[in-house]
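Numbering (this note's numbering), first residue to last: 130 to 449.
Positions of the beta carbon are idealized from the N, C-alpha and C atoms, including for glycine.
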Amino acid sequence: MTTSPTLPGGRNPFALDDDDAYRRWRDWKLAGVPRRAEDLLVEIDDPSRLSDSERDAIVARCRRSNMAVYVVRSSGEGKDVARVLGEQLGLRRLDANWLADEDGISTLSVSEHGTRGEYIPYTNRRIRWHTDGYYNAPQRTIAGMLLHCVERAEEGGGSRLLDHEIVYLLLRDADAAHVRALSASDAMSIPARADDAGHGDTPDGGASVARPEQPGPVFSLLAPGGDLHMRYTARTRSIAWRDDPATRAAVQALQAILDGGGPWVYSLRLEPGMGVVCNNVLHEREGFVDSAQRRRQLLRARYHDRVAGTHASHRAAFAH
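Following this line, the structure appears as structure tokens:
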């Protein structure tokens, strides 16, 4: 695990040499983890003007499980729903990622033509377990995310969500060596991506690089509060794992957790006016079928912030 600030009281539950702090945090975590997707739901009247109780309910769920699912009673349209709602939850530093719209918010729907259609979020195919921005450089770490449903598909398109802190807990309980291996600075590498042209832009006539190779850990801690961050994709192409027995064993154990399902995995299908706000938890999407009447469209906003009020200093009971 990379060096990071300690939590309140000088304790760090994610430090592998502080088992007592880990046990305290583990007890706190398991005591409050939601058991059903319905426990994540918060109904809101006006996403552009949250009441104190609505905001507190969203933050409370994110504090416990790093995610909340909101339901707008009168469905709002347009990107202001995602942008303004995020701002009220402390999500302000948008990641202007490639393929996002000019305002930094991505409109996710099936794209039949052009560059977007080459990337799976803009298709109707299944997307396996991942956290967003796993290919980003460390200075562009995605700490928070908001998904808002404008329209659902005719069939399919359901999501599954899994708190990355629960995955950490299960791995550490199984064998702390798994956490140690996945915390290495080169545990998972994403190969370089060529630019759109793909050739002829360098002095030697080769492809120019739009994104350099990006090695990094799966588990790391975010400054300044020491919050746990997970960087992961279940894809098997365009990814390289550190080639040693400890990493191979850790990856196998992680895949078994993700494939196993269980009470920690929340399944739901977003309907118009629903959305997920989270601290970049693990998520996957099933394939779907659009129709003339229903064409799936989601707004996705990625942030360099966590949801306000969910930092380690706000979850301090276990650290005393």
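Listed as beta-bridge partners of ILE319 by DSSP are GLN343.
HIS358 sits away from THR252, with the two beta carbons spaced by 8 Å or more.
Secondary-structure assignment with DSSP links TRP157 through no beta bridge to anything. Taking a cut-off of 8 Å on C-beta distances, the segment 381 to 390 does not touch the segment 187 to 199, as fewer than three cross pairs fall below it. For the 8 Å CB-CB criterion, GLY402 and CYS278 form a contact. In the pairwise beta carbon analysis, the segment 421 to 437 is classified as not touching the segment 291 to 307: fewer than three pairs are separated by under 8 Å. Closest by C-alpha distance to PRO374, out of LEU311, VAL201, ARG281, ARG366, is LEU311. The C-beta of ALA160 has fewer than 16 other C-beta atoms within 10 Å across all chains shown, which makes the residue exposed.
Relative to the Cα of LEU276, the nearest Cα in the group ALA321, ASN408, ALA369 belongs to ASN408.
A residue is called buried when at least 16 other Cβ atoms come within 10 angstroms of its Cβ; TYR395 meets this threshold and is buried. As DSSP reads the structure, ALA369 sits in a beta bridge with SER318. Two segments are said to touch when three or more pairs of C-beta atoms, one from each, lie closer than 8 Å; by this definition the segment 362 to 374 touches the segment 254 to 262. For ASP209, same chain residues with a beta-carbon under 7 Å away, outside a window of 5 residues either side, are SER177 in chain order. By the beta-carbon neighbour count (other beta carbons within 10 angstroms, threshold 16), ILE249 is exposed. Nearest in C-alpha terms to ARG221, of all of ALA272, ARG155, ASP146, ILE295, is ALA272.
Note on geometry: alpha-carbon atoms of LEU291 and VAL308 lie some 17 Å from one another. For MET317 and SER203, the gap between their C-alpha atoms comes out near 43 Å. Exclusion of the five residues before and after ARG281 leaves ARG398, LEU399, GLU400, PRO401, ARG423, ARG425 as the residues of its chain whose Cβ lies within less than 7 Å of its Cβ.
Counting of Cβ neighbours within 10 angstroms places ALA379 among the buried residues, the total reaching 16 or more. For GLY389, the three-state secondary structure derived from DSSP is helix.
Between the alpha carbons of GLN343 and LEU218 lies a gap of roughly 30 Å. Contact annotation: ASP148 and HIS433 have beta-carbon atoms that are not nearer than 8 Å. In this chain, the alpha helix (DSSP H) harbouring GLY215 covers 208 to 217.
Around the Cβ of PRO392, a 10 Å sphere holds fewer than 16 other Cβ atoms; the residue is exposed. Each of ALA441, ASP419, ASP146, ARG212 was checked against the Cα of GLU284, and the nearest Cα belongs to ASP419.
Scanning PHE143, LYS158, ALA441, VAL405 for the CA closest to the CA of GLY287 turns up VAL405.
In the DSSP secondary-structure assignment, GLU413 is bridged to ARG289. For LEU428, the uninterrupted beta strand (DSSP E) run begins and ends at 426 to 432, by DSSP. Per DSSP, TYR151 has no beta bridge partner at all.
About 6 Å separates the CB atoms of VAL436 and VAL188; that is less than 8 Å, so the two are in contact.
Between ARG190 and VAL171, the C-beta spacing is below 8 Å.
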